[in-house]
Amino acid sequence: DAKTTQPTSMDCAEGRAANLPCNHSTISGNEYVYWYRQIHSQGPQYIIHGLKNNETNEMASLIITEDRKSSTLILPHATLRDTAVYYCIVRGDFGNEKLTFGTGTRLTIIP
Amino acid sequence: DTAVSQTPKYLVTQMGNDKSIKCEQNLGHDTMYWYKQDSKKFLKIMFSYNNKELIINETVPNRFSPKSPDKAHLNLHINSLELGDSAVYFCASSFIWTETQYFGPGTRLLVL
Chain A
1 DAKTTQPTSM DCAEGRAANL PCNHSTISGN EYVYWYRQIH SQGPQYIIHG LKNNETNEMA
61 SLIITEDRKS STLILPHATL RDTAVYYCIV RGDFGNEKLT FGTGTRLTII P
Chain B
112 DTAVSQTPKY LVTQMGNDKS IKCEQNLGHD TMYWYKQDSK KFLKIMFSYN NKELIINETV
172 PNRFSPKSPD KAHLNLHINS LELGDSAVYF CASSFIWTET QYFGPGTRLL VL
């Protein structure tokens, strides 16, 4: 699996958009970008994933650069409940491939 | 309705004991996983089962033995517990050909 690089921590004001960057410069053509988050003391929660097109769901938007070497997770209107560690993961599309969690970005939403 | 459940939620035990953690999912998934999150918060996969068959087996001591009686259950038995086994253990499930894994609430194991 390709390695990802994320900032250790970020702050965002409540109600503003939170933009979380991720670098995955060694990503290969069949590898997807996934985002999970882990709210304190809970199990990780799936947020969104994409291959090369931008994706949006009820939780977030995922913007992947054209060269696919980096991506940004956008939480459009951050709330206090979005305070969590956010993990950017690159994984192939084979059924038995594992999720490899890095250190993630600790996002703190400021009231 | 809990999608992925684990029991117990907390487990405190002495070194050398044998303990089991149970996991059940009601999502109809065919693949289940065990992850370990240590004190430094690194989350690492330990095992994965697809239709009761072991498909991922990371470098885990033989003292850890997963057992999958059916597709909806994946239990983790740990023999001769050591201090270093103290961690949070998460169970997860998914369909093997999809990308989304659903995690349980975790079992906090403390070995004294």
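Sequence order for the protein chains is A and B.
Numbering of the first sequence is given in the numbering used here, commencing with residue 1 and proceeding in unit increments.
Numbering of the second sequence is given in the numbering used here, commencing with residue 112 and proceeding in unit increments.
Cβ atoms here follow ideal geometry from the backbone N, Cα and C, with glycine treated the same way.
The beta strand (DSSP E) enclosing residue i, as first and last residue numbers
i, result
"A/Gly92", "84-92"
"A/Thr8", "Segment: none, A/Thr8 is in no beta strand (DSSP E) and carries neither H nor E."
"A/Ile47", "45-50"
"B/Ile207", "Unbroken run through B/Ile207: none, as it is neither H nor E."
"A/Ala18", "18-23"
"A/Thr26", "Looking at the DSSP string, A/Thr26 is not in any beta strand (DSSP E), and its letter there is neither H nor E."
"B/Leu221", "218-222"
"B/Gln117", "115-118"
Residue i at chain E interface by Cβ criterion, 9 Å
i, result
"B/Ala198", "Here chain E cannot be found, since the structure's protein chains are A and B."
Three-state secondary structure (DSSP) of residue i
i, result
"A/Arg37", "strand"
"A/Leu99", "coil"
"A/Arg118", "Since the first and last residues shown for chain A are 1 and 111, residue 118 of chain A lies out of range."
"A/Gly104", "coil"
"B/Leu194", "helix"
"B/His188", "strand"
"A/Glu66", "coil"
"A/Leu75", "strand"
"A/Ala13", "strand"
"A/Glu58", "coil"
Query - Runs of beta strand (DSSP E) lying entirely within the stretch 120-183 of chain B, each at least 3 residues, in chain order - result: Qualifying beta strand (DSSP E) stretches, in chain order: 121-124, 130-136, 142-148, 154-161, 164-168, 175-181.
Query raised in the report: Closer than 9 Å, Cβ to any Cβ of chain B: which residues of the stretch 3-18 of chain A, in chain order?
Result: The stretch 3-18 of chain A vs chain B, Cβ under 9 Å: nothing.
Report task. Taking a Cβ distance cut-off of 9 Å, strictly less, list which residues of the stretch 152-181 of chain B are near chain A, in chain order. Result -> Those would be Lys152, Phe153, Leu154, Lys155, Ile156, Ser159, Asn161, Ile166, Ile167, Glu169, in chain order.
Query - Contact list for the stretch 203-217 of chain B against chain A, Cβ threshold 8 Å - result: Going along the stretch 203-217 of chain B in chain order, one finds Ala203, Ile207, Trp208, Glu210, Thr211, Gln212, Tyr213, Phe214, Gly215, Pro216, Gly217 with a Cβ nearer than 8 Å to chain A.
Query raised in the report: Which residues, taken in chain order from the stretch 27-58 of chain A, show a beta carbon closer than 9 Å to some beta carbon of chain B?
Result: Answer set for the stretch 27-58 of chain A: Tyr32, Tyr34, Tyr36, Gln38, Ser41, Gln42, Gly43, Pro44, Gln45, Tyr46, His49.
Report task. Check whether the stretch 7-18 of chain A touches the stretch 34-46 of chain A, counting contact only when three or more Cβ pairs, one atom from each stretch, lie closer than 8 Å. Result -> Too few Cβ pairs lie closer than 8 Å, so no.
Requested in this report: Report yes or no: do the stretch 194-212 of chain B and the stretch 13-31 of chain A share at least 3 C-beta pairs separated by less than 8 Å?
Outcome: By the Cβ criterion, the stretch 194-212 of chain B is not in contact with the stretch 13-31 of chain A, since fewer than three pairs of Cβ atoms, one from each stretch, lie closer than 8 Å.
Query raised in the report: Of the residues that make up the stretch 64-75 of chain A, which ones have a beta carbon closer than 8 Å to any beta carbon in chain B?
Result: Correct list: empty, as no residue qualifies.
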